[in-house]
Amino acid sequence: MELTVNSVARTVQSPPLSSLLTVLREELDITSPKAGCESGGCGACTVLVDGQPRRSCLTAVCAVDGAEVTTVEGLGTPEDLSRVQQAFIHHYAAQCGFCTDGLIVAATAYVGGGGSADTGDIGEALAGHYCRCTGYVKILEAVAAVARGDTFDTASTASSANNTYVTIAGAES
Amino acid sequence: MAVHRGKGLATVEYPTGMNQNGDPSQAWIKVKPDGRVDVFSGTADIGNGSKTVQSQIVAETIGVPYDWVTYDNSNTDSSPMCTGTFASRATFVAGNAVLKAARQVRERILAVASRELEIDPADLEVADGSVSVKGTPAKSMGVDEVAGAATFVHGELLTGDGAHLNPGAAIIDPTTGEVDKPPHAAISYAACTAEVEVDDETGDVRVLSLTQAYDIGRAMNPTLVEGQIDGGAVMGLGFGLLEDCYPYYPTAEHRGDGMNTYHVPTMAELPEIKNVLMENPSSGGPYGAKGIGEMSNNAQPAAIANAIHDAVGVWVTEFPITPERVLAALDAKSEGRSEPRREGRVVAFDEELSINSFTSAKTWGA
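Taken in order, these protein sequences are the chains called A and B. Residue numbering for the first sequence follows this note's numbering, starting at 6 and increasing by one per position. Residue numbering for the second sequence follows this note's numbering, starting at 24 and increasing by one per position.
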């Protein structure tokens, strides 16, 4: 079977019913898609197949023979990050990082398809992705900022609108 | 049949780290010949940012740029003993250990610089990677030059070590329970209000907003604090409405065994979250820090339960508050057999109930 993975033509030797996730991670050594629930529930394995987000754990590799597959590695390089990647850094949208690759891939498809900056729309589009650390707040801010067309300074961190700081006068030091 | 709105409030107080001598952290630091700083500490960074915060503490305390510091917890042979990343202890307990180690390193840098510059160490200060004479900033040398001189001129290694252990308290008056010192290192406080909608036909509960106030000690890294508190809020929402680890505890076989059977909140359930972060520095924490990680998911379930009572007048006394439990409570109310609100148990440092008495050599049975 032949795949174009992150713009590189690859020949796949794994058995045809191997999951695309297994092929990417074990045969091609592309480890950004994560093996979470491995049954379609968590979104951590999401990759783009011909531009559409797919659960690679539920996709038999023979079903995507000849397709173009994109993972986070194919979206940008450390020197030239994609806008979604820049937004995730600027808005601090990752903590442990396990869900991040799947979310960046899905968010790329969402904004690439003309998705709006409306939080309800983003929530609907990305609700198939579990994140246990961030509470989704900063992920939503990052995706909305990309949809709005913001530019991002990855050397600084955005201040988050939902937080107010109060210093207690005369506090112990 | 209608959708009802309600508001509820809950509060939490949370002691930082484990206490009663059960929870040590140790750290050591060495400075390389180019002035770059290696920190060896045992707390694993599980996404909470403990590497970042401890590196900040070291950089600030020694007086070098943050990016000169490398935090190494690559293995348990090279890292000193640390009980781990839990109990909101990494910034407070391990942070105190690296703080003490960094102070020693700073003293040794000053001692070598004193010989190089022929100035008393008390008249020197370290900032931004440079040692300079107080009041005469032009007379200075870089920390990299000091470390080079220590290595190649004086034949020394610039190191520091530190350890922290929250002290144990003993009861001095059994009748009142008075203790000889505070039994907790630092206590954080928080409050959470939840606004909910309850559908009395389906039993469905939707959380519209969570508005929270946290006494965080000091925000060493505001972005990380916000991330912990936002994340805790959504985890608390899950504990309130969705998550049940062991529904037939202690029988274990009915528990969810994967991420598609154990449901956690998604972005579609995300309520509006607003946080007020109150800086109220602790006396015992590094730079006034307290531990806020674990407390951040405590208040939401109770606030949601209170909001449901406000909305439809029933107490649901078991978590998670599933639609089935809401409907059962509504049925019970309509049949005139409302479940009373459970009374909490008031505990004022009862030695029999305090399970952290490591010092008393007590064995705690079932």
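Even glycine gets a Cβ: it sits at the ideal position worked out from N, Cα and C.
Comparing alpha-carbon positions, the option among A:Glu-129, A:Phe-103 and A:Ala-163 lying closest to A:Ala-147 turns out to be A:Ala-163.
The beta-bridge partner set that DSSP reports for B:Met-164 consists of B:Val-154. With 16 or more neighbouring CB atoms inside 10 Å of its own CB, A:Lys-39 falls in the buried class. Within chain B, the residues Thr-289, Met-290 and Ala-291 have their CB atoms less than 7 angstroms from the CB of A:Ala-132, given in chain order. The alpha-carbon of B:Thr-106 is positioned some 32 angstroms away from that of A:His-96. For B:Ala-117, the closest C-alpha among the options B:Pro-304, B:Ala-67 and B:Thr-198 is that of B:Ala-67.
Going by DSSP, A:Thr-16 is part of the beta strand (DSSP E) stretching over 13-16. A buried status is given to A:Phe-157, since no fewer than 16 other beta-carbon atoms sit within 10 Å of its beta-carbon. The shortest C-alpha to C-alpha distance from A:Ala-65 to any of A:Glu-73, A:Asp-85 and A:Ser-23 is the one to A:Ser-23. Secondary structure note for B:Phe-63: its beta strand (DSSP E) is the uninterrupted segment 60-64. Contact note: B:Met-282 reaches chain A through Gly-41, Cys-42, Gly-46, Cys-47 and Tyr-135, using a C-beta cutoff of 7 angstroms and chain order. B:His-286 is the residue among B:His-286, B:Glu-249, B:Gln-323 and B:Gly-250 whose C-alpha sits nearest the C-alpha of B:Asp-267.
A:Asn-168: member of the beta strand (DSSP E) spanning 168-172, first to last residue. By the Cβ-count criterion, B:Asn-98 is exposed, with fewer than 16 other Cβ atoms from all chains shown falling within 10 Å of its own Cβ. Under a criterion of Cβ atoms nearer than 9 angstroms, no residue of chain A is adjacent to B:Thr-84; the nearest Cβ is some 16 angstroms distant. Linking A:Gly-120 to B:Gln-77 through their CA atoms gives a straight-line distance of about 39 angstroms. A direct Cα-to-Cα measurement between A:Gly-125 and B:Gly-152 gives close to 48 angstroms.
Counting only runs of at least 3 residues, the region 52-125 of chain A fully encloses the following beta strand (DSSP E) elements, listed from N- to C-terminal order: 57-60 and 73-75. Residue environment for B:Leu-147: buried (at least 16 other C-beta atoms within 10 angstroms of its C-beta). Look at the region 68-79 of chain B: the residues with a C-beta under 8 angstroms from a C-beta of chain A are Ile-69, Gly-70, Asn-71 and Gly-72. Rounded to whole angstroms, the Cβ separation of A:Ile-144 and A:Ala-98 is 4 angstroms, and the two are in contact under 8 angstroms. Among the residues facing chain A, B:Thr-34 is not included, as its CB has no counterpart in that chain under 8 angstroms away. For A:Gly-128, the chain B residues whose C-beta falls within less than 7 angstroms of its own C-beta are Met-290, Ala-291 and Leu-293, listed in chain order. B:Ser-155 counts as buried, since no fewer than 16 other beta carbons sit within 10 angstroms of its beta carbon. Annotation for B:Met-258: the continuous alpha helix (DSSP H) segment containing it runs 245-264. Taken through DSSP and simplified to helix, strand or coil, B:Val-339 comes out as coil.
In the displayed model, B:Asp-196 falls within a strand according to three-state DSSP. In the structure shown, B:Lys-313 adopts coil according to DSSP, grouped into three states.
Residues are counted here when their Cβ sits less than 7 angstroms from a Cβ of chain B; for the region 161-172 of chain A these are Thr-162, Ser-165, Asn-167, Asn-168, Thr-169, Tyr-170, Val-171 and Thr-172, given in chain order. Under the DSSP definition of a beta bridge, A:Cys-42 lacks any partner. The residues Gln-251, Ile-252 and Gly-255, in chain order, have a CB closer than 6 angstroms to that of B:Ser-319 in the same chain once the five nearest residues on each side in sequence are set aside. Going by DSSP, A:Ile-144 is part of the alpha helix (DSSP H) stretching over 142-153.
Taking 8 angstroms as the threshold, the shortest C-beta distance from A:Gln-90 to chain B does not fall below it. Counted as a single uninterrupted DSSP element, the alpha helix (DSSP H) harbouring B:Arg-348 occupies residues 346-357. Considering only B:Thr-274, B:Ile-327 and B:Leu-265, the residue with the shortest C-alpha distance to B:Asn-283 is B:Leu-265.
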